[in-house]
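Order-wise, the sequence lines are chains A and B. Quick note, the first sequence lines up with residues 1 to 662 if you use our numbering. Quick note, the second sequence lines up with residues 1 to 374 if you use our numbering. We treat Cβ as the ideally placed atom computed from N, Cα and C, and that holds for glycine. No experiment lies behind these values; they were computed from the predicted model shown.
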Amino acid sequence: MKGCKNKNRWLRFRIILTLTVFAALFVVLLSRAFQLQVFSGRAMKVRAENQYTRKLKVTPTRGVILERGGQELAATIMVDSLYANPTHISDPRIAARRLAPILSLDARQLAAELSRRKSFCWVKRKITPQESEGVKALNIKGVYFVKESKRFYPNRELACHVLGVCGLDSDGLEGLELACNDNLRESGPEILWRRDAKGKALYTEAVEKADSKTRRHSVMLTIDGPMQYIVERQLKEAVERSRSGAGTAIVMDPRTGEILAMANVPSFNCNNFEVYSRQIRKNRAVIDSFEPGSIFKPFIVAAALEEGVVVEGDRFNCENGSYRVGPKTIREALYKKYKELTASEILKHSSNIGSVKVAERLGKEPLHRYLKAFGFGEKTGVGLPGEASGIVSSASDWTSVDFAAISFGQGLSVTPIQLIAAMSAIARDGVLMRPYIVKAVIDSKGKVVEEFGPQVVRKVISPEAARQVRRMLVEVVENGTGKAARLADVLVGGKTGTAQKYDTATGAYSIDRVVASFIGFFPVEDPQMIVLVILDEPQLNRWGGEAAAPAFKDISEQLVRSFADDMPTRRMAGGEGTGGRIVMTSAPDIAEQSSQEREGDQPDFRGMSLRRVLKIARNRGMTVSVNGSGWAVAQKRMNDKDGNPQYHVIFSSGPFMETRWN
Amino acid sequence: MERSRSDIMLAVVTLILVSIGTVMIYSSSSIIAVDHYNDSLHFIKKQIIMVVLGLLAMMVTTFVPYRWWRHFAYGGVVLSAILLALLLIPGFGVTAGKATRWLSLGFMRFQVSELVKIGLVLFFAHYIAKKEDRIGRLAFFPVPLFILAACDFMILKQPDFGAAMIIAAVFMAMLFLAGCRVSHLLAITALTVPVGVFLIMSGGYRLARLQVFLDPWKDPLKSGFQIIQSFISFGSGGPFGVGIGSGMQKLYYLPEPHTDFILSVIAEEGGFLFVGAIIGLFLVLIVRGFMIAFRAQDLFGSLLAAGLVTVIGLEAFINMAGVMGLIPLKGLVLPFVSYGGSSLVTSMAAVGILLNISGYRAESSISRRQGARQ
Numbered sequence: 001m002k003g004c005k006n007k008n009r010w011l012r013f014r015i016i017l018t019l020t021v022f023a024a025l026f027v028v029l030l031s032r033a034f035q036l037q038v039f040s041g042r043a044m045k046v047r048a049e050n051q052y053t054r055k056l057k058v059t060p061t062r063g064v065i066l067e068r069g070g071q072e073l074a075a076t077i078m079v080d081s082l083y084a085n086p087t088h089i090s091d092p093r094i095a096a097r098r099l100a101p102i103l104s105l106d107a108r109q110l111a112a113e114l115s116r117r118k119s120f121c122w123v124k125r126k127i128t129p130q131e132s133e134g135v136k137a138l139n140i141k142g143v144y145f146v147k148e149s150k151r152f153y154p155n156r157e158l159a160c161h162v163l164g165v166c167g168l169d170s171d172g173l174e175g176l177e178l179a180c181n182d183n184l185r186e187s188g189p190e191i192l193w194r195r196d197a198k199g200k201a202l203y204t205e206a207v208e209k210a211d212s213k214t215r216r217h218s219v220m221l222t223i224d225g226p227m228q229y230i231v232e233r234q235l236k237e238a239v240e241r242s243r244s245g246a247g248t249a250i251v252m253d254p255r256t257g258e259i260l261a262m263a264n265v266p267s268f269n270c271n272n273f274e275v276y277s278r279q280i281r282k283n284r285a286v287i288d289s290f291e292p293g294s295i296f297k298p299f300i301v302a303a304a305l306e307e308g309v310v311v312e313g314d315r316f317n318c319e320n321g322s323y324r325v326g327p328k329t330i331r332e333a334l335y336k337k338y339k340e341l342t343a344s345e346i347l348k349h350s351s352n353i354g355s356v357k358v359a360e361r362l363g364k365e366p367l368h369r370y371l372k373a374f375g376f377g378e379k380t381g382v383g384l385p386g387e388a389s390g391i392v393s394s395a396s397d398w399t400s401v402d403f404a405a406i407s408f409g410q411g412l413s414v415t416p417i418q419l420i421a422a423m424s425a426i427a428r429d430g431v432l433m434r435p436y437i438v439k440a441v442i443d444s445k446g447k448v449v450e451e452f453g454p455q456v457v458r459k460v461i462s463p464e465a466a467r468q469v470r471r472m473l474v475e476v477v478e479n480g481t482g483k484a485a486r487l488a489d490v491l492v493g494g495k496t497g498t499a500q501k502y503d504t505a506t507g508a509y510s511i512d513r514v515v516a517s518f519i520g521f522f523p524v525e526d527p528q529m530i531v532l533v534i535l536d537e538p539q540l541n542r543w544g545g546e547a548a549a550p551a552f553k554d555i556s557e558q559l560v561r562s563f564a565d566d567m568p569t570r571r572m573a574g575g576e577g578t579g580g581r582i583v584m585t586s587a588p589d590i591a592e593q594s595s596q597e598r599e600g601d602q603p604d605f606r607g608m609s610l611r612r613v614l615k616i617a618r619n620r621g622m623t624v625s626v627n628g629s630g631w632a633v634a635q636k637r638m639n640d641k642d643g644n645p646q647y648h649v650i651f652s653s654g655p656f657m658e659t660r661w662n
Numbered sequence: 001m002e003r004s005r006s007d008i009m010l011a012v013v014t015l016i017l018v019s020i021g022t023v024m025i026y027s028s029s030s031i032i033a034v035d036h037y038n039d040s041l042h043f044i045k046k047q048i049i050m051v052v053l054g055l056l057a058m059m060v061t062t063f064v065p066y067r068w069w070r071h072f073a074y075g076g077v078v079l080s081a082i083l084l085a086l087l088l089i090p091g092f093g094v095t096a097g098k099a100t101r102w103l104s105l106g107f108m109r110f111q112v113s114e115l116v117k118i119g120l121v122l123f124f125a126h127y128i129a130k131k132e133d134r135i136g137r138l139a140f141f142p143v144p145l146f147i148l149a150a151c152d153f154m155i156l157k158q159p160d161f162g163a164a165m166i167i168a169a170v171f172m173a174m175l176f177l178a179g180c181r182v183s184h185l186l187a188i189t190a191l192t193v194p195v196g197v198f199l200i201m202s203g204g205y206r207l208a209r210l211q212v213f214l215d216p217w218k219d220p221l222k223s224g225f226q227i228i229q230s231f232i233s234f235g236s237g238g239p240f241g242v243g244i245g246s247g248m249q250k251l252y253y254l255p256e257p258h259t260d261f262i263l264s265v266i267a268e269e270g271g272f273l274f275v276g277a278i279i280g281l282f283l284v285l286i287v288r289g290f291m292i293a294f295r296a297q298d299l300f301g302s303l304l305a306a307g308l309v310t311v312i313g314l315e316a317f318i319n320m321a322g323v324m325g326l327i328p329l330k331g332l333v334l335p336f337v338s339y340g341g342s343s344l345v346t347s348m349a350a351v352g353i354l355l356n357i358s359g360y361r362a363e364s365s366i367s368r369r370q371g372a373r374q
């Protein structure tokens, strides 16, 4: 029994020992729990929050870009973007093989992307609704959609070079999208959501972060949508007609410096800009500089008149078409021969030798000073990115040949925007206006945040000198090389230009490759618009007077018809400031329409803005009811109960339609 | 034989654990249940049936005199062996997660190893008690070692490394308690070392689990995901928890939130407060269990009680230490708390047996108490 008791004691001892080991183990457990939960709990809590919360920076919705009438040139729409959580995809290769054909992606590349060990990757952003449907139908686990904003240009090509383009992250890359990026972009709203481990959102909350640096403002341009449309269409026609490589046209209001239209051909569709080369997307109107040629002569004459070295009526010996300067002989275009010409005639015939003579009276230094004063050789600051400053070398570097060449527009380079800005000084009393394209910045509530107005750069010449040059330029259009630019009902002043292109291969000026240009303003009595047309390497009509002047005429005629209901008419040929006001019906080429109007008293509102329709209606005492907004697309005549005509005009803000302007 | 009152405390602790488990199973499984079965009550309904079955089993075993079970010592081993062998025949067992551990009973899946644990504990207690005086001799070992090896071999074939380990460990503990020579124990342990190393090296996933245990942060999104999610649960629960039902981790962050990782859900939702309570309850259960072994009237009772409480205690420890990253994850459930009918019913039955054993006190303690009354 004693042995048994002893054994019993041993058993009990061992039980207590085992129990102690267990107790120790559980104390370890308790300490571990304490350590995990109380000591290092906070770090884990942060980790936990991180994994529950998903943040996605959604592409910011960009502010819109409006033309001056308030129509959207660049808008923002919401589209699907596709992303994946690779940790949720069971077989990346199968998923990639199914996704790739729908999204036109490379399956192998996609598979590699989906195999990465991370919880987020874009599959394809901003996909089309068709792609979106296709992917939804596949129902692949681990692939998710998110709405992103995408830039949309309702008018496609309209003002494409001015507007520029946006990248995937909605940052402007070119054009005004780039220049106004800080105003247009906002820091995108961050979407925060709690999610389970499968990525399923439990609830979402969009947190809009107000960032003081970035704001979503709209930008209103000085560009006039309908005018831009006219200019683009006419320029395109001119480029095709003359088989030019490219073309540029700008319309500016010389009174303010506002750019009303700016077009380049070839153009591109902003909505899928990727398929166009950088060369096509380049805004030649501000980025390209070229040797201006004869179009430059008015500035030489203006400088000479202002300096007083030339007086109206002075006659210049034009050396019978051959004038030796240093080692070179200067000749007239087409080997014409002039004996004696006045300054006005020099411009009218575009005499090279005459220009040299005028410049010689002026002298190198003053000429250089005036060129600078007109703004050549420096950026205008129009507000578009990539603007070139052109090249005007300093007068001390000029040889006598350089000096002579500059006087007829060779040996220096200018940009189209510089030319049109400089012309504003001649068109408006000698004051150079800074061209500008952004009229106002408007916040999301429609309040104007920033407004831009006319800005005088400097006074270049006296009003008298400007008036004299204007008169000479009228002569150019009425009787000189610019006859093709003559408008039926409005008096135009302008100058042609045909600049041979310098061929770097042969080291000489090319005969075939030229830049044909025309710059003109109207109405001369009170210039409201300057129109510049430049055609690069026209193949059919190489002369500025033959290629560019008709394009100027086509553009200007439509501008006068559509926009200038407040313009002086050419009552007295050659006269200035006669003060007559234009009446639409007086134009001979729309006589047909006017007779129709008189008969049925039926105006054609189509293509007009609401403002204009209401104005015409008021002037004529007609009753008009309107529907929609934007531009008039259709009209219907009804008689009210008294038998008086009443018009119902339908407006549309959709893309500008070709038919509206026919 | 004297009868005394059963250990009420043990019963109460068990029922508290089962209650907490039931609540937490609902909390952790309802969303998964909606996603998979479109019924948030899918798991909890089954579990409540099991709780009822468990209570019945516990009551029955409480009233069955524990010595009566000795009749089943050999039968239990044979039954265990047959059932384990059945699992090895393709088509008989139910496979889940690459392991074939269950037999289908129609209305429920029955995890064989849960029964085997109890069966072997019963057999070992019976065998050791019977051959008590020969425990010091080598001739004692072949029979139990063979049975242990055969069962463990079949369990490892399922595979269920955790269950095999627990059975082996319980056997060792019972030998130790019965007064086996420490040198013999060491020798047996030494025998199992190469087997364990071979198993770890041969089963790729075991090695991987070991590596994950050593450095879970090496690959936090794939292999380290489970244990890191468990850490996150414990950490984000903090001292007082985020509130019962309000946890995030059960939303597929934690694998098996209602079974293996139920303590992690408790840790997140109830904080250290609840985790401490669970650990404390298990500790009370273990202390009470060993005290029953301590006071048992005979060696068989002592060994049976100690064996059963060791099974429960070890399972609880391995599960909790696993989810807290102290030992590699084993895939064992937390007794009474985790979802799973077989474990619940057998564990509650085991508690019933303990309760019955506690009703019989060794003469000395009864006489001491009677002395105190006088």
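Residues bridged to residue i (per DSSP)
{"i": "residue 220 (chain A)", "result": "A:66 and A:440"}
{"i": "residue 121 (chain A)", "result": "A:84"}
{"i": "residue 433 (chain A)", "result": "A:456"}
{"i": "residue 450 (chain A)", "result": "A:441"}
{"i": "residue 155 (chain B)", "result": "Its beta-bridge partners do not exist; DSSP assigns none."}
{"i": "residue 172 (chain A)", "result": "A:166"}
{"i": "residue 111 (chain B)", "result": "B:102"}
{"i": "residue 534 (chain A)", "result": "A:248 and A:517"}
{"i": "residue 495 (chain A)", "result": "A:519"}
Closest Cα partner of residue i within the set the options
{"i": "residue 321 (chain A)", "options": "A:35, A:355 and A:310", "result": "A:355"}
{"i": "residue 307 (chain A)", "options": "A:325, A:294, A:361 and A:273", "result": "A:361"}
{"i": "residue 354 (chain B)", "options": "B:325, B:293 and B:210", "result": "B:293"}
{"i": "residue 75 (chain B)", "options": "B:89, B:286, B:108 and B:115", "result": "B:115"}
{"i": "residue 304 (chain B)", "options": "B:119, B:92 and B:58", "result": "B:119"}
{"i": "residue 413 (chain A)", "options": "A:291, A:380 and A:406", "result": "A:291"}
{"i": "residue 87 (chain A)", "options": "A:72, A:144 and A:47", "result": "A:144"}
{"i": "residue 145 (chain B)", "options": "B:70, B:192 and B:129", "result": "B:192"}
{"i": "residue 310 (chain B)", "options": "B:339, B:297, B:351 and B:340", "result": "B:351"}
Contact check, residue i vs residue j, beta carbons under 7 Å
{"i": "residue 511 (chain A)", "j": "residue 531 (chain A)", "result": "no"}
{"i": "residue 494 (chain A)", "j": "residue 463 (chain A)", "result": "no"}
{"i": "residue 302 (chain A)", "j": "residue 469 (chain A)", "result": "yes"}
Interface residues of chain B facing residue i [CB-CB closer than 8 Å]
{"i": "residue 38 (chain A)", "result": "238, 239 and 272"}
Closer than 8 Å at the beta carbon, the chain A residues around residue i
{"i": "residue 398 (chain B)", "result": "The structure shown does not extend to residue 398 (chain B), since chain B is modelled only from 1 to 374, so the question has no answer here."}
{"i": "residue 165 (chain B)", "result": "The contacting residues do not exist; residue 165 (chain B) stays about 15 Å from chain A at best."}
{"i": "residue 173 (chain B)", "result": "18"}
Contacts of residue i in chain B (Cβ-Cβ under 7 Å)
{"i": "residue 52 (chain A)", "result": "248"}
Per-residue contacts from residue i into chain A (C-beta, under 9 Å)
{"i": "residue 15 (chain B)", "result": "What residue 15 (chain B) touches in chain A: nothing, since even the nearest Cβ is about 20 Å away."}
{"i": "residue 253 (chain B)", "result": "48, 51, 52, 196 and 197"}
The ligand HEM heavy atom lying under 6 Å from the CB of residue i
{"i": "residue 454 (chain A)", "result": "The ligand content of the structure shown is nil, which means the ligand HEM is not present either."}
Where residue i meets chain B, residues with beta-carbon distance less than 9 Å
{"i": "residue 103 (chain A)", "result": "Simply none; closest approach about 25 Å."}
{"i": "residue 141 (chain A)", "result": "What residue 141 (chain A) touches in chain B: nothing, since even the nearest Cβ is about 13 Å away."}
7 Å Cβ cut-off: residues of chain A touching residue i
{"i": "residue 320 (chain B)", "result": "29"}
{"i": "residue 285 (chain B)", "result": "Near residue 285 (chain B) there are no residues of chain A at all, since even the closest Cβ is about 10 Å away, more than 7 Å."}
What runs of the alpha helix (DSSP H), each 4 residues or longer, lie entirely inside the stretch 266-350 of chain A?
278-281, 284-287, 297-307 and 343-349
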